[in-house]
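Colleague:
In our numbering, the protein residues as written are 16 to 329.
1) Under a three-way DSSP split, which group does residue 232 fall into?
2) Assuming residue 282 is part of the alpha helix (DSSP H), what are its boundary residues?
3) Going straight from the alpha carbon of residue 76 to that of residue 202, what length do you get?
4) Less than 6 Å between C-beta atoms, sequence neighbours within five positions excluded: which residues of the same chain meet that for residue 182?
5) Could I get the ranges of all uninterrupted alpha helix (DSSP H) runs contained in the region 44 to 130, with 4 residues as the minimum, in chain order?
6) For residue 140 and residue 45, I'd like the C-alpha separation in whole angstroms.
7) Using 8 Å as the Cβ pair cut-off and three pairs as the minimum, do the region 137 to 151 and the region 230 to 238 touch?
8) Tell me residue 275's beta-bridge partners as DSSP assigns them.
9) Between which two residues does the beta strand (DSSP E) holding residue 311 run?
10) Within this structure, are the beta carbons of residue 186 and residue 256 separated by less than 8 Å?
11) Using the beta-carbon count (16 or more within 10 Å), is residue 143 buried or exposed?
12) Decide if residue 310 is buried, meaning its Cβ has at least 16 other Cβ atoms within 10 Å, or exposed.
13) Under three-state DSSP, which class holds residue 34?
14) When DSSP labels each residue in this structure, what does residue 203 get in the three-state scheme?
15) Residue 246 by DSSP, collapsed to three states: which one?
16) What does DSSP give as the partner residues of residue 297 in its beta bridges?
Pasting the structure below:
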């Protein structure tokens with residue numbers, strides 16, 4: 016009975032608040048989905064090898080969605096548009112560098128800026144991509160906690176070598192210090208290399224274009240057997256805490272990393288678990304691609320929202 020109560024309660028909230036439902040009728044839903052679509056453009060620019068002229072249809076679609084946002088909510092939160100507009104401006108510069116003509120995008124971008132009362136030369140939000148050096152990132156990771164967090168970035172391509180098991184276990188040992196509900200430590204990790212890692216990423220489906228550039232994958236799971244009837248979602252909380260610590264630990268020991276979503280339909284998750292021998296009683300939290308970094312890399316800027324947008328004092 017307890018399970019049914021929890022499932023029905025969650026189902027009610029899911030139907031009302033999920034961003035797939037009535038997206039444009041809610042400002043927050045539009046913002047979250049627009050940030051997601053914006054990141055797809057940044058992600059494309061940060062790959063090791065990008066297809067010449069990539070992403071034009073996605074950028075046009077993003078501009079149209081941003082225009083709709085401005086019509087609906089521009090007066091409520093006019094500053095939101097600054098970041099995605101900065102990303103589109105970076106995308107235009109990226110294509111100019113590759114000598115790709117994109118007049119339709121430039122015209123639509125200019126028109127949206129005009130409608131929003133923004134001039135392109137005033138867009139100062141960091142967006143697009145940056146070039147980073149591995150040695151600098153590794154040094155910053157060892158400096159202090161603030162430097163570790165600010166120097167961690169998602170890396171989408173690595174050297175064609177396997178990270179050593181010793182280094183991986185150093186990171187796993189650090190991540191084991193994660194707090195968990197009543198110290199149950201119900202997290203698990205499953206590590207795959209080479210072809211298995213590439214196949215896993217292809218089944219994941221969110222890293223098309225750079226699957227083969229990731230030599231190692233760590234699947235973080237949490238064991239459902241560790242939790243009781245009144246805490247059916249606690250496995251995701253404990254697993255998520257562990258996964259974030261592992262991501263930071265990998266950065267600390269000198270490896271690059273990228274978290275990849277496990278937000279799949281249940282049938283897809285079960286297919287992956289069956290194919291790769293992950294027990295059904297473990298829920299998949301995240302897949303972390305990791306490896307030895309190149310001396311120089313492109314990374315997505317991924318500007319963070321200000322704390323004033325995410326915090327409320329009570």
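In this text, a Cβ means the ideal position worked out from N, Cα and C, and glycines have one as well.
Modeller: Based on what the coordinates show:
1) Strand, per DSSP.
2) 281 to 290
3) 39 Å
4) 268
5) If we require 4 residues or more, the alpha helix (DSSP H) runs fully inside the region 44 to 130 come out as 71 to 88, 97 to 112.
6) Whole-angstrom Cα-Cα distance: 20 Å.
7) no
8) 302
9) 311 to 315
10) no
11) Here residue 143 is buried, its C-beta having at least 16 other C-beta atoms within 10 Å.
12) exposed
13) coil
14) In the structure shown, residue 203 adopts extended strand secondary structure according to DSSP, grouped into three states.
15) coil
16) Answer is 238, bridged to residue 297.
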